[in-house]
Amino acid sequence: RRPDALSPDLIGRRVLITAGGTREPLDPVRFLGNRSSGRQGFDLATVAAARGARVTLVAANVDLPPPAGTEVLRVSSTEELREATHGAAKDAEVVIMAAAVADFRPLTRARSKIKKSDAAPTAIELVRNPDVLAELVAGRATGQLNTAVIVGFAAETGDEDGDVLTHGRAKLARKGCDLLVVNAVGEGKAFGQPDNAGVLLGADGSEVQIPLGPKMVLAAAVCDAVAGLLPR
Ligand code: CTP
Ligand code: CA
Numbered sequence: 184r185r186p187d188a189l190s191p192d193l194i195g196r197r198v199l200i201t202a203g204g205t206r207e208p209l210d211p212v213r214f215l216g217n218r219s220s221g222r223q224g225f226d227l228a229t230v231a232a233a234r235g236a237r238v239t240l241v242a243a244n245v246d247l248p249p250p251a252g253t254e255v256l257r258v259s260s261t262e263e264l265r266e267a268t269h270g271a272a273k274d275a276e277v278v279i280m281a282a283a284v285a286d287f288r289p290l291t292r293a294r295s296k297i298k299k300s301d302a303a304p305t306a307i308e309l310v311r312n313p314d315v316l317a318e319l320v321a322g323r324a325t326g327q328l329n330t331a332v333i334v335g336f337a338a339e340t341g342d343e344d345g346d347v348l349t350h351g352r353a354k355l356a357r358k359g360c361d362l363l364v365v366n367a368v369g370e371g372k373a374f375g376q377p378d379n380a381g382v383l384l385g386a387d388g389s390e391v392q393i394p395l396g397p398k399m400v401l402a403a404a405v406c407d408a409v410a411g412l413l414p415r
């Protein structure tokens, strides 16, 4: 079936979407961040809302206007995104983690601007961030969350350990979500671009290829897959 941006199949469904990229502060003016623009998550929110969903959007550092008919919670760091996401997930039937969440953050955050002083530069010590998606999956497993559908996104590049899809399948199994949207990144692909290509990997073994096209089209395909997984 052709993805349809306006199928009325999400009417009244409560959908939580995270978008953008988190920033981990080093001091009041500096941060470690990533190139996610938030477009894919915002397009998802637009399509889900157009299909009748009640959409909450947790937006990390996204420089885009709120999509029509959605509630937007603006956040910056992973800790802020985590709190907003867990709070909103309590009454969501669907959670789509489209945000690029930092895996690490600086161990310390200077209260005032770091000066270069006369000393030699020091390394930035990093610590692991919690995995919000894994926490959602674990919360559902222990009955704390009733979320029917949990979707992850994975931006992958091929490397010596395998191609984009091999990494995607392993990640789906590791994360334990219902659907993983895998896209190839790097060399001008995906980040900040209006177009995206992807593969939708289902926990049921399904695999749907979405050719390079507008992010809105990939968003519609994700909504189709989500609608198919929702209990009636
Ligand atoms: N994610 C998350 N919390 C994190 C890191 C990632 O919720 N601390 C979510 C992302 O929003 C995304 C999914 O997990 O939906 C996959 O992110 P990705 O970075 O591809 O996976 P990682 O497990 O962090 O693996 P990698 O080592 O490839 O970065
Ligand atoms: Ca990661």
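Residue 184 is where the sequence shown starts when you use full-length UniProt numbering, and the numbers rise one by one after that. Beta carbons: idealized from backbone N, C-alpha and C, even for Gly. Here the structure is a predicted model, which means the values were calculated and not measured.
Pick out whichever of Q223, L199, R206 has its Cα sitting closest to the Cα of L401.
Cα-wise, what sits closest to L401 is Q223.
Report yes if the C-beta of V284 is less than 8 Å from at least one heavy atom of ligand 2; otherwise report no.
Result yes, Cβ under 8 Å from ligand 2.
So if DSSP puts L309 in a beta bridge, which residue, or which two residues, is it bridged to?
For L309, the pairing in a beta bridge is given by DSSP as P289.
Where does E339 fall in DSSP's three states?
DSSP places E339 in strand when its eight states are reduced to three.
Determine the direct distance from the alpha carbon of A367 to that of D344, and round the result to whole angstroms.
It is roughly 15 Å from the alpha-carbon of D344 to the alpha-carbon of A367.
Identified DSSP bridge partners for A324
DSSP lists no partner for A324.
If you reduce the DSSP assignment to three classes, tell me which class T349 lands in.
Correct three-state label for T349: helix.
Ends of the alpha helix (DSSP H) at A228?
Segment 222-233, the alpha helix (DSSP H) holding A228.
May I have the straight-line CA-CA distance separating R197 from A272, to the nearest angstrom?
Cα to Cα, the separation comes out at about 9 Å.
Quick check on the DSSP output: the alpha helix (DSSP H) that includes G411 runs from which residue to which?
Counting along the chain, the alpha helix (DSSP H) containing G411 begins and ends at 398-412.
Could you tell me whether any non-hydrogen atom of ligand 1 is closer than 8 Å to the CB of K354?
Because some heavy atom of ligand 1 lies under 8 Å away, the Cβ of K354 counts as near it: yes.
Supposed close pair L227, V241 - CB separation, criterion 8 Å:
Between L227 and V241, the beta carbon gap of about 12 Å keeps them out of contact (Cβ cut-off 8 Å).
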